[in-house]
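Numbering (the numbering used here), first residue to last: 20 to 207.
Data block below; observations after.
Laid out in structure tokens, this is it:
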């Protein structure tokens with residue numbers, strides 16, 4: 020049956036993650052391991068694992084069935100706000116308060132690349148379906164399009180008057196980036 024992962028709202032420091040059954044809102048399992056806020060989660064394409072991003076500057080990969088924390092990714096120098104997993108489930112990209120994005124190998128925990136260019140924290144990230152590009156949104160009021168392999172920033176999109184809160188891509192009508200900020204939705 021389908022399950023939803025959500026940060027625990029009743030915990031005093033919001034460092035717990037609950038696995039909740041959608042049908043009856045029953046908590047099936049609590050995942051403990053972070054010592055600060057959990058800011059984002061992403062489920063792997065095979066639905067066996069999920070990765071959490073935290074204000075404790077780490078990513079953790081969890082086994083959904085056993086509840087075990089399998090690996091901890093260390094390398095950011097500040098809170099991690101956003102993550103996205105490639106469609107093949109091999110890599111995760113993280114965006115942080117240290118103004119960088121990092122590409123991680125999920126199996127080895129290795130940081131393969133660091134993307135530098137934002138002048139504010141990175142709080143949203145999406146990977147294109149072909150796995151070749153990253154789009155990031157930041158408190159610097161910009162979106163950036165990155166080449167995943169070369170780390171090159173291919174384009175910077177400006178126009179938001181506030182920090183970019185979320186970014187996503189719609190596949191049904193082509194390569195359209197949909198973003199939102201405090202002020203209004205914005206389509207690129």
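The C-beta atom is built at its ideal place from N, Cα and C for all residues, glycine as well.
Could you give the C-beta distance for residue i and residue j, rounded to a whole number, given that I count them as a contact under 8 angstroms?
i, j, result
"residue 157", "residue 142", "7 angstroms"
"residue 108", "residue 125", "7 angstroms"
Once the 5 residues before and after residue i are set aside, which same chain residues still bring their CB inside 6 angstroms of it?
i, result
"residue 23", "Only weak support exists for where residue 23 lies, its pLDDT of 46 falling under 50; the value from the coordinates is given anyway. So the list reads 39, 41, once near-sequence residues are dropped."
"residue 21", "Unreliable positioning characterises residue 21 in this predicted model, as indicated by a pLDDT of 37, which lies under 50. The coordinate reading is nonetheless provided below. Excluding residues within five positions, the ones whose Cβ falls inside 6 angstroms are 41."
"residue 52", "79, 88"
"residue 177", "161"
"residue 116", "97, 98, 140"
"residue 132", "122, 170"
"residue 57", "26, 36, 71, 73"
Quick one: give me the first and last residue of the beta strand (DSSP E) that residue i is part of.
i, result
"residue 152", "152-157"
"residue 38", "36-40"
"residue 70", "68-73"
"residue 114", "110-115"
"residue 186", "183-189"
"residue 138", "Where residue 138 is concerned, there is no enclosing beta strand (DSSP E), given that its DSSP letter is neither H nor E."
"residue 161", "No beta strand (DSSP E) holds residue 161; DSSP gives it neither H nor E."
"residue 173", "172-176"
"residue 80", "77-82"
"residue 58", "57-62"
Please return the same chain residues whose Cβ sits closer than 7 angstroms to the Cβ of residue i, not counting the five positions on each side in sequence.
i, result
"residue 54", "34, 75"
"residue 59", "72, 100, 101, 102"
"residue 86", "48, 50"
"residue 173", "164, 165, 166"
"residue 105", "146, 150"
"residue 92", "77, 78, 123, 128"
"residue 63", "69, 104, 108"
Where DSSP assigns a beta bridge to residue i, which residues make up the other side?
i, result
"residue 124", "110"
"residue 103", "112"
"residue 90", "80"
Closer than 8 angstroms by C-beta to residue i: which residues in its own chain qualify, once you throw out the five before and the five after it? Chain order, please.
i, result
"residue 152", "146, 164, 165, 166, 167, 173"
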